[in-house]
Amino acid sequence: MADERILRREFLKGAAIAGTAAATAIAPATEAAAQSAPPKPQAPPAASADSDAMVTLSPAEQAFFTAAADTIIPADDLSPSGSDCGVVTFIDRQLASAWGGGAKMYRSGPFRKPPGEGFGYQLALTPREFFAAGITATNAWLKKTRGKEFDRLSLKERDEVLKVMDQGKAELQNFDGKQFMEALLDITMEGFFSDPIYGGNKNKVSWRMIGYPGLPATYANMMDLYRNKLYKPEPQSIADFS
Amino acid sequence: MATRLKEVDAVMVGMGWTGSIMARELTKAGLNVVGLERGPDIKPAEDFAMPHIRDELRYVQRLEIIQDPAMETLSFRHRPSEQALPMRRMGSFLPGNGVGGAANHWGGQHWRYLPSDHQTRSNILNRYGAKALPEDMTVQDWAMTYDELEPYYDRFEKLCGVSGKAGNLRGQKVDGGNPFEGARQNDYPTPPVKMTESALMYAKACKELGYHPFPQPASTISQPYTNTEGLALGGCQYCGHCERAGCEANAKAGPHICVLPVLRADPKFELRVHSWVSRLTYDKAAKKVTGVVYTDTRTGEEYEQPAGMVVLSAYVFGNIGLLLHSGIGEPYDPATQKGAVGRNYCYQLSRIGLTMFFKDKNFNPFMGSPGSMMVIDDFDGDNFDHTGLGFFGGCRIQTGHGEGRPIAYRPTPPGTPRWGSAWKKAAVDNYQHALSIGMSGSNYANRNNYVDLDPTYKDQLGRPLLRLTYNFVENDYKLAEYCMSKVVEIAKVMNPTVMGSPRLRKGDYDIVPYQSTHNTGGTIMGTDPKTSVVNRYLQSWDASNLFIMGASTFPQQPAYNPTGPVGALAYWAADAIVSKYLKNPGPLVHA
Ligand SMILES: Cc1cc2nc3c(=O)[nH]c(=O)nc-3n(C[C@H](O)[C@H](O)[C@H](O)COP(=O)(O)OP(=O)(O)OC[C@H]3O[C@@H](n4cnc5c(N)ncnc54)[C@H](O)[C@@H]3O)c2cc1C
Ligand code: SF4
């Protein structure tokens, strides 16, 4: 745990120092310039992204998502854990958003179980309700089979549980464990890789990790300059431009 | 009771590419035109601006500028015997909503169809004999030839400033272009876009095998250009955020930058947004439409707009739906094969391909445009001999980069776990090094693939949803397998560090993962009113003052994206209206 915390601090500090401010709208023209972008003072982080208070998640749900995010994205030498990167904050904000409330979904009945594959989501539940029901069903199943809820299991056990769910072998009551697993994986990855403005991917940690430059993405000159050469500038996000 | 408005000369239902082009041509001819658009007015200067337009979550995942299924969606089933269920979230295809239509978020791969694609049925019969055509394959010929349409292909390319390299200039083959394309009178308006390293590697391997790689023709244009309306377009920035988002650089051709500025300034044109057309008013005895009924979604008020002429430019589903909701034409019944409305719905075979990994290459996958691809057409359409293959049609095969947005793009080699430290390491190790060969296959009409009205589910206006009955058939599976063998052949020559496994089409069609917004058919063109909805001028057989635009008029879907021909057909139909119809209103073709 102590190790993790040191690791986290290093990641977040390094990130903040390297984070350039809004003005560098045009990406540096050469590789050398890209690598030696002068450090700028740290911009104050956006309040909403930094606050860990939950908008919609209950403490039990928060514990579940934290445990899930840290299993899907464990802390290691590539990044801090999913929750340290803000994934749970992201999920909370998303489930509280219009999307979480079922926006851009056709929600008229009758609701029927699909006769086979290929029909997509057919439940009456909004994403907010779907995750709530999925967490309840998963925890009930684990309580029965392992005597503990998901967030009480060790990392290794949680990993096993997710595998069982991913293989479609979890026997959740009145809930499709495989469908839940897909949704959980999707929203966790969205939180890890989306723009930090949504509360996840704190300090662009995942972008820096894989080498995604984010904005501003004006590459007309770079296409030839960086042909078969690594282009890895300090990534820039929406907040850097706002 | 709907408020009855003053009659106008012409109404466009939908203000995407086709509605905008038609409105422009008809106002030029002196008509007073109203453009009705169900969605909002989208303004590129604000709506496609930095930084938010590069927000992957908002545009790619949450589908910001895409049709809201809560308003209107389809129900879907694989076969007539199945219970249809609503498409509750957009997935497989992503129609537009709002001024500009789907061109706001399209990819701009800009094609002409092959000459043989315009004569699919007679070409198969002539080359392979009547016995070769499967009984349930209801392919038909277009109602005009490639040569007839050529000047209109050219016009649309000049509106967009398309970038590319001719392969057949007035019958002369040109090195480096597509040797299979139909003869073109003019080269592309602008030179090809920049290619990615992956595209060049792919082209080299194709050449080694004796195939004919050429640059993807692109409406994401390579350099600043002033179009035929006198409007200025910018050059592509290869931003890697093209599809599903608007263009910040004014380089992606679309109605907003190619037509609408002129139209908006024209007093003969009136744009009404948030105006959702629920049906056309139809005088069946006179074989004429009299106008449209629409709801202003801001007030809930209903209006009747009488019009001398109605143009359906509401995308494939809107066009089919408005005919069915208005009782125009006979709905298709697969059991009897009678009726033409909803017939020959087709799609596209996509999401098929192979991903490889090259340890020593850096592809910078976030740089590029949908046009930054090299393509081969050696196995497209009827460019190769189908004798004994057991299928008709083909695919184009291509490679490039340019959509390296990290929520959606995280390639890992086969066998990588889906999460955990091992996954993370693989995602990091491979982000720069993956290369995919993709293919896009034709989709030929089948008697059981069609669109009608759903008996159960309704949209927000209380109208029945359209019901899509669709599945892939034997022809598609065989086509995909054959073309995949070519992909594997090319992949082997490219000699990657790690070879992925082929992604084929197996099992029933799945309406969830995005495949393409290349829906076609349902109001097809033809020479016989029994098997087509519009004649060769895209004029309805059932109402002489009703013209239907877009890919809903295609009898089947070739391997290419549809919009090049969609734009060409809009100009072709506009020309017929202005030069023939307005002088002598009535049927332009007698059945
Ligand atoms: C992600 C994506 C990528 C694509 N990439 C390519 C590509 O690379 N190459 C290519 O050739 N094509 C591509 N396409 C397809 C291309 O965008 C369409 O073929 C083209 O835009 C269709 O033009 P249209 O005028 O027929 O319809 P649209 O542009 O869809 O316009 C129809 C308009 O009608 C409105 N409407 C519908 N119903 C009503 C109603 N009842 N009342 C009022 N208004 C209504 C809609 O809101 C819409 O604005 C892509 C599409 C998508 C979604
Ligand atoms: S890739 Fe080019 S055309 Fe497409 S959005 Fe980016 S800059 Fe515009």
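As given, the protein sequences belong to chains A and B, one line each in that order.
Residues in the first sequence are numbered from 67 upward in steps of one, following the working numbering.
Residues in the second sequence are numbered from -19 upward in steps of one, following the working numbering.
C-beta: ideal position from N, C-alpha, C; glycine also.
Quick caveat, the model's predicted, so the values are computed rather than measured.
If you check the C-beta of Leu74 of chain B against ligand 1, you find a heavy atom less than 7 angstroms away.
Chain-ordered listing is empty here: chain B has no CB closer than 9 angstroms to the CB of Phe130 of chain A, the nearest sitting near 16 angstroms. With 6 angstroms as the limit between CB and the heavy atoms of ligand 2, the residues that fall short of it are B:Thr200, B:Cys216, B:Gln217, B:Tyr218, B:Cys219, B:His221, B:Cys222, B:Cys227, B:Ala229, B:Ala231, B:Lys232, B:Ser349. Gln245 of chain A carries a helical assignment under DSSP once its states are collapsed to helix, strand and coil.
According to the DSSP secondary-structure assignment, Ile377 of chain B is paired through a beta bridge with B:Ile356, B:Met419. Under the DSSP assignment, Cys238 of chain B falls in the alpha helix (DSSP H) whose first and last residues are 235 to 238. Bounds of the beta strand (DSSP E) holding Leu16 of chain B are 13 to 16. Remark: the C-beta of Val257 of chain B is in contact range of ligand 1, defined as less than 7 angstroms to any heavy atom.
Identification of residues in the stretch 170 to 183 of chain A having a C-beta nearer than 8 angstroms to some C-beta of chain B yields Lys170, Met171, Tyr172, Arg173, Ser174, Pro176, Arg178, Pro180, Pro181, Gly182, Glu183, given in sequence order. Pairing Ser532 of chain B with Tyr312 of chain B, the inter-Cα distance amounts to about 14 angstroms. A direct Cα-Cα distance of roughly 17 angstroms separates Ile22 of chain B from Leu74 of chain B. Neighbours of Asn294 of chain A in chain B, taken as residues whose beta carbon is under 7 angstroms from its own, are Glu177, Lys341, Asn342 in chain order.
Inter-segment contact for the stretch 353 to 372 of chain B and the stretch 518 to 534 of chain B is absent: fewer than three beta-carbon pairs are separated by less than 8 angstroms. A Cβ-Cβ distance of about 6 angstroms is found for the pair Met275 of chain A and Leu144 of chain A, placing them in contact under the 8 angstroms criterion. Pro66 of chain B has its alpha-carbon roughly 8 angstroms from the corresponding atom of Tyr172 of chain A. Within chain A, no residue has its beta carbon less than 7 angstroms from that of Gly144 of chain B; the closest one is some 17 angstroms off. At least one C-beta of chain A is nearer than 8 angstroms to the C-beta of Leu65 of chain B. Here Asp97 of chain B is buried: its Cβ has 16 or more other Cβ atoms, across all protein chains shown, within 10 Å. Fewer than three pairs of CB atoms, one per stretch, sit closer than 8 angstroms, so the stretch 424 to 434 of chain B makes no contact with the stretch 375 to 388 of chain B. Taking 7 angstroms as the cut-off, the C-beta of Leu302 of chain B counts as close to a heavy atom of ligand 1. At least one C-beta of chain B is nearer than 8 angstroms to the C-beta of Phe185 of chain A.
When secondary structure is reduced to three states using DSSP, Tyr274 of chain B falls in the strand class. In this structure the stretch 68 to 87 of chain B does not touch the stretch 460 to 472 of chain B; the number of beta carbon pairs closer than 8 angstroms is below three. Proximity of chain A to Ile332 of chain B at the Cβ level (cut-off 8 angstroms) is not reached, the minimal Cβ distance being about 16 angstroms. Within chain A, no C-beta atom comes less than 8 angstroms from the C-beta of Trp122 of chain B; the nearest is roughly 31 angstroms away.
Nearest in C-alpha terms to Phe359 of chain B, of all of B:Phe371, B:Glu44, B:Ser349, B:Gly348, is B:Phe371. Contact check for Ala414 of chain B against Thr477 of chain B fails: the beta carbons are separated by 8 angstroms or more. At a beta-carbon threshold of 8 angstroms, none of the residues of chain A lie near Phe136 of chain B; the nearest stands roughly 25 angstroms away. Relative to the non-hydrogen atoms of ligand 1, the Cβ of Glu137 of chain B never comes closer than 7 angstroms to any of them.
Look at the beta carbons and you see the stretch -17 to -7 of chain B not touching the stretch 27 to 47 of chain B: under three pairs across the two are nearer than 8 angstroms.
The straight-line gap separating the alpha-carbon atoms of Ala146 of chain B and Val355 of chain B is approximately 13 angstroms. For Ser306 of chain B, the uninterrupted alpha helix (DSSP H) segment begins and ends at 295 to 306. Taking the CA atoms as reference points, Pro345 of chain B sits about 49 angstroms from Gly307 of chain B. The C-alpha of Leu191 of chain A is placed about 44 angstroms away from the C-alpha of Leu243 of chain B. For Pro386 of chain B, the chain A residues whose C-beta falls within less than 8 angstroms of its own C-beta are Phe259, Ser272, Trp273, Ile276, Tyr278, listed in chain order.
Distances from the alpha-carbon of Met255 of chain A to those of B:Leu433, B:Phe534, B:Trp399 put B:Trp399 closest.
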